Amino acid sequence: MHGNGGEGRYILMMYGEQFDVGLIRVMVADARGSDRLRCRLELGDGGCSVVAEAVEARQAAAVAAFECPDVVLVDPELPNPDGVDLLGELRVRVPRARVVVRSDSIDLLDAALRKGAHGIVHRDAAGEDLRASVRRAFVADHDLASIR
-19 MHGNGGEGRY ILMMYGEQFD VGLIRVMVAD ARGSDRLRCR LELGDGGCSV
31 VAEAVEARQA AAVAAFECPD VVLVDPELPN PDGVDLLGEL RVRVPRARVV
81 VRSDSIDLLD AALRKGAHGI VHRDAAGEDL RASVRRAFVA DHDLASIR
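Each residue of the sequence shown is one higher than the one before, starting from -19 at the first, in this note's numbering.
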């Protein structure tokens, strides 16, 4: 269970206790500038902060290693080499980051899950659906010690 705390902070509810985890730090890796902007605007309204953006896979791996985001939203159609291959690179370079893949292709979403994505969301998901995907990925494998 979780909720949005005051002032845009993210509050995690576990075992009847509240844990203030602050803002979920998100990186958006998408070749489309309009999609990056939409994600930035919509995630900013719900306990998330977009801390970085990338337009190609190689750049995304380097920026993620530097910024250490909590969650990386990935377009599997990223160029250079490609967004699906980026998932393996992220697991090595930023092992604590959770990856959510955004696509409208069932085949690409399946490939992303096989490569270790923590979540998937349709490319057109907006507002609360997008924020919920990020929050679910963020809390998926965290234990209480790492959240406090």
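Ideal Cβ positions, reconstructed from N, Cα and C, are used throughout, including at glycine.
From a predicted model like this one, the values you see are computed outputs, not experimental measurements.
Hey, could you find the ends of the alpha helix (DSSP H) residue i is sitting in?
i, result
"residue 22", "13 to 23"
"residue 74", "Per DSSP, residue 74 belongs to no alpha helix (DSSP H) and is neither H nor E."
"residue 62", "Neither: residue 62 is in no alpha helix (DSSP H) and is coded neither H nor E."
"residue 112", "107 to 120"
What does DSSP give as the partner residues of residue i in its beta bridges?
i, result
"residue 9", "34, 54"
"residue 83", "102"
"residue 28", "4"
Report back the beta-carbon spacing between residue i and residue j to the nearest angstrom; my notes put them in contact at under 8 Å.
i, j, result
"residue 37", "residue 13", "At roughly 16 Å, the Cβ-Cβ gap does not stay under 8 Å, so residue 37 and residue 13 are not in contact."
"residue 54", "residue 66", "6 Å"
"residue 41", "residue 23", "The pair is not a contact, with the Cβ atoms about 21 Å apart (cut-off 8 Å)."
"residue 103", "residue 84", "4 Å"
"residue 89", "residue 81", "6 Å"
Let me check you understand the geometry: is the CB of residue i closer than 7 Å to at least one non-hydrogen atom of the ligand NAP?
i, result
"residue 95", "Judged by which ligands are present, the structure shown has none, so any question about the ligand NAP falls away."
Using 8 Å as the threshold, is the stretch 41 to 49 in touch with the stretch 10 to 25, meaning 3 or more CB pairs across them?
The stretch 41 to 49, when compared against the stretch 10 to 25, does not touch it at the 8 Å Cβ threshold.
Give a yes or no on contact between the stretch 3 to 10 and the stretch 86 to 97, applying the rule of three or more CB pairs nearer than 8 Å.
Counting Cβ pairs under 8 Å, fewer than three are found: no touch.
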